[in-house]
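Count the sequence shown with mature numbering (1 follows the signal peptide of the UniProt record, and there is no 0) and you get residues -24 to -1, 1 to 339, in order.
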Amino acid sequence: MSRTSTLHLLSAAVLVMLPGYAAAAAQEAGHAGHHDHATHREAGAPASAGDPHASHAHAAHQAEAAPEQSHADHAAHADHAAMQHPRPVQTVPTHPPGHAHHGNPAAEEPAAGVHRHATHAAHPVQDSPREPVPALTDADRAAAFPPLQHGHVHGGGINSLVRFDRLEAWDADQGTGQAWETRAWIGGDVQRLWLRSEGERDDGRTHAADLELFYGRAISPWWDLLAGVRQDFGHDGRTWAALGVQGLAPYKFEVAATAYLGSGGQTALRTEVEYELPLTRRLLLQPKLELELHGQDDARRGIGAGLSTAGAGLRLRWAVTPRFAPYIGLVHERSFGDTRRYRTGEGDAAGDTRWVAGLRWWF
């Protein structure tokens, strides 16, 4: 083989090997870029992923820089990206045309660290207040919550009431008659002065009447304790010391029970129970029961020991106004024991039933 042919063969071999050597060199440079980029990401100084121009610059920098390039160069690139873009916005990474992105594989992934560093650079931490807030004092609290002058509602006022429970009349076989029952009080919510009175008249003659004066004190929200005196009127009057209770029992029964101690050692007990049953807003039915007992016989007054008299009434009233109501009713009275014997001995009936009509009002 001639010398010229040998030179031609060597030239052809070199031309064949040059493309492979160039590809190997480019691959080795890419691996070095990958290694350097991972190293820089671990060091905490990545380039801004929000700027496509920064990605191009970083790719070109990796392709041209040597593997031993210092971290300071990458920090300079990051600072340059931060100065160009003070408020980074997260966008989709833009790849450069061609295969340039193969040289920068980290640009395909969103770099969260880049956004954090860019945000810290754009928004510096504000300083704490120069002057601390002073602590609250008692004077500050007093100024914020001043004492209020509350109005007094029903604060110990003096009130009064006068009520006629019964003011009625009848016309029966034994004759005509009238009866009354009234009570009044004056005072406050706890202490009151009470006045009670009741009586009957037959054929223009008053044969039974009394007047009671009590000092009352509330012992519960529904009950009052009474202490006072009672004076009977008539041809043979008597004075009694009285002690009793009155109030509202369960199921709205109005109850009054009074014990008496009179002159001569006579004792007595009077009990009243009544109930109001509303049939309509204005129409009310009121049953009432009265019992009277005595401890000793008193022939001069026609009173026997034990249960002396009992009375029951049923009255239907129409409330024209809350303060004024006319009514009609049926009343039955009966005497018992020695009291019955005394009355029948004088020609009076042991019992009496009559229709009544009357008024009830208060002020």
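We put the beta carbon where it would ideally sit given N, CA and C, even for glycine.
For clarity, every value in this text was computed on a predicted model and none was experimentally measured.
Secondary structure of residue i, DSSP reduced to three states
i           : result
Pro123      : coil
Ser196      : coil
Tyr251      : coil
Thr315      : helix
Ala235      : strand
residue 384 : Missing from the structure shown is residue 384; the chain here goes from -24 to 339 and no further.
Asp178      : strand
Arg117      : helix
Thr320      : helix
Ala203      : strand
Arg257      : coil
Pro226      : helix
residue 340 : Since the displayed the chain opens at -24 and closes at 339, residue 340 lies outside it and no answer follows.
Ala97       : Unreliable positioning characterises Ala97 in this predicted model, as indicated by a pLDDT of 46, which lies under 50. A coordinate reading is not provided.
Val218      : Sequence check: residue 218 is Ala here, not Val. DSSP places Ala218 in strand when its eight states are reduced to three.
Arg246      : strand
Phe339      : coil
Straight-line gap, residue i to residue j (C-alpha atoms, nearest Å)
i           : j      : result
Trp198      : Lys228 : 10 Å
Gly153      : Gly164 : 37 Å
Gly287      : Gly327 : 9 Å
Ile195      : Tyr236 : 20 Å
Trp170      : Gln150 : 35 Å
Trp156      : Ala184 : 11 Å
Trp216      : Glu252 : 31 Å
Lys264      : Ile134 : 31 Å
Asp179      : Arg206 : 25 Å
Asp208      : Gly175 : 10 Å
Arg106      : Asp116 : 22 Å
Ala233      : Glu322 : 30 Å
Phe222      : Trp161 : Reading off the sequence, residue 222 comes out as Gln, not Phe. So the alpha carbons of these two residues sit roughly 13 Å apart.
Ser218      : Val296 : As written in the sequence, residue 218 is Ala, which differs from the Ser given in the question. The straight-line gap from Cα to Cα measures roughly 36 Å.
residue 346 : Val138 : A question about residue 346 goes unanswered here, because the residues of the chain that appear run from -24 up to 339.
Tyr191      : Ser173 : 15 Å
Leu112      : Phe121 : 13 Å
Phe140      : Ala119 : 56 Å
Ala244      : Ser284 : 10 Å
Arg181      : Gly210 : 10 Å
Arg310      : Arg319 : 11 Å
Leu124      : Arg193 : 33 Å
Tyr303      : Asp314 : 34 Å
Val332      : Asp147 : 8 Å
Phe339      : Ala301 : 13 Å
Phe312      : Ala225 : 28 Å
Ser136      : Asp114 : 47 Å
Pro254      : Glu230 : 15 Å
His270      : Gly220 : 16 Å
Leu201      : Gln242 : 22 Å
Arg316      : Asp212 : 19 Å
Asp324      : Glu144 : 22 Å
Glu250      : Thr158 : 15 Å
Beta-carbon proximity check, residue i vs residue j, cutoff 7 Å
i      : j      : result
Glu248 : Glu268 : no
Arg142 : Gly334 : yes
Leu189 : Gly204 : yes
Asp273 : Gly282 : no
Arg291 : Gln262 : yes
Arg293 : Arg330 : no
Arg214 : Ser239 : yes
Gly289 : Val307 : yes
Beta-ladder partner(s) of residue i, from DSSP
i      : result
Glu309 : Gly287, Asp328
Gly282 : His270
Gly334 : Glu144, Tyr303
Gln262 : Arg291
Neighbour flag for residue i against chain D, beta carbons, 7 Å
i      : result
Ile279 : In summary, chain D is missing from the structure at hand, where a single protein chain is found.
- Could you name each continuous beta strand (DSSP E) segment of 3 residues or more that falls completely within the stretch 136 to 192, going from the start of the chain to the end? Counting only runs of 3 or more, we get 151 to 163, 167 to 178.
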